[in-house]
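Data first, discussion second: the structure below is written as structure tokens.
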Amino acid sequence: MLSPVVRPATLKDLPWMVAVLDQPYFRAYGLTPESARRLLERALREGEVYGAGEPLKALAWYCPKGGFGQGYLRLLAVAEGAQGQGLGTALMSFLLPRGLRFVLAEKENTKALAFYGRFGFQVAGELPGFVRPERTEVILWRP
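1 is the number of the first residue of the sequence shown in the UniProt record's numbering; add one for each residue after it.
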């Protein structure tokens, strides 16, 4: 099976990207379609946003000089019906050689923690209430 193509996202991809974020996990963080649109418009202005799938079914917001001046993955999302098809793996494989070193994941999201662990990320600490008062984020770094 061929690896999914990863490419820079553009404003033309905005409807697809908003759809990717329209799932229960992100709604639990208070993200609505309108707030997702604003967030993604900002991401396209401030960072590097990449997509995988055609139409886009996965996206990554990468900040080359994020946490501690190192590569930081601000957001990785795969549409619910497209999970398990290698899209997240394709995005990670694309970003790692570009200097990706830090990721945050919600402590209860064991699938995400295991996913990042497969790429060599290790737990560096926890941030209770960092994103939402009732949630704890885990700092993951790749030495």
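In this text, a Cβ means the ideal position worked out from N, Cα and C, and glycines have one as well.
All figures in this text were calculated on a predicted structure; none of them were measured in a lab.
Using 8 angstroms as the cut-off, can you tell me whether the stretch 45-56 makes contact with the stretch 83-91, which would need three or more C-beta pairs spanning the two stretches below that distance?
yes
Near residue 122, which residues of its chain fall below 8 angstroms by C-beta distance, leaving aside the five closest residues on each side in sequence?
Mapped onto the sequence shown, residue 122 falls at position 122. Hits under 8 angstroms: 140, 141, 142 and 143.
Which residue marks the beginning of the alpha helix (DSSP H) containing residue 20, and which one marks its end?
Position 20 of the sequence shown holds residue 20. 14-21 is the span of the alpha helix (DSSP H), which, as asked, contains residue 20.
Output the distance between the C-alpha atoms of residue 95 and residue 112, rounded to the nearest integer angstrom.
Here residue 95 refers to the residue found at position 95 of the sequence shown. Here residue 112 refers to the residue found at position 112 of the sequence shown. Roughly 16 angstroms separates the two Cα atoms.
Since residue 76 and residue 91 should fall inside the 8 angstroms C-beta cutoff, what is the C-beta to C-beta distance between them, to a whole number of angstroms?
By one-based count along the sequence shown, residue 76 stands at place 76. By one-based count along the sequence shown, residue 91 stands at place 91. So it is a contact: roughly 6 angstroms between Cβ atoms.
Selection from 23, 6 and 42 that minimises the alpha carbon distance to residue 14
Sequence index remark: in the sequence shown, residue 14 carries index 14 (1-based). The shortest Cα separation from residue 14 among 23, 6 and 42 belongs to 42.
Entirely enclosed beta strand (DSSP E) segments - the UniProt domain "N-acetyltransferase" (4-143), minimum 3 residues
6-8, 48-52, 58-63, 71-78, 100-106, 122-128 and 136-141
Other residues of its chain near residue 56: CB distance less than 8 angstroms, five sequence neighbours each side excluded
Residue numbering aside, residue 56 sits at position 56 when the sequence shown is read from its first letter. Taken in chain order, the residues that qualify are 9, 13, 16, 17 and 20.
Please list, in chain order, all residues of the same chain as residue 23 whose beta carbon is under 7 angstroms from its beta carbon, the five residues on each side excluded.
As a working note, residue 23 is residue 23 in the sequence shown. Closer than 7 angstroms at Cβ, skipping near neighbours: 80.
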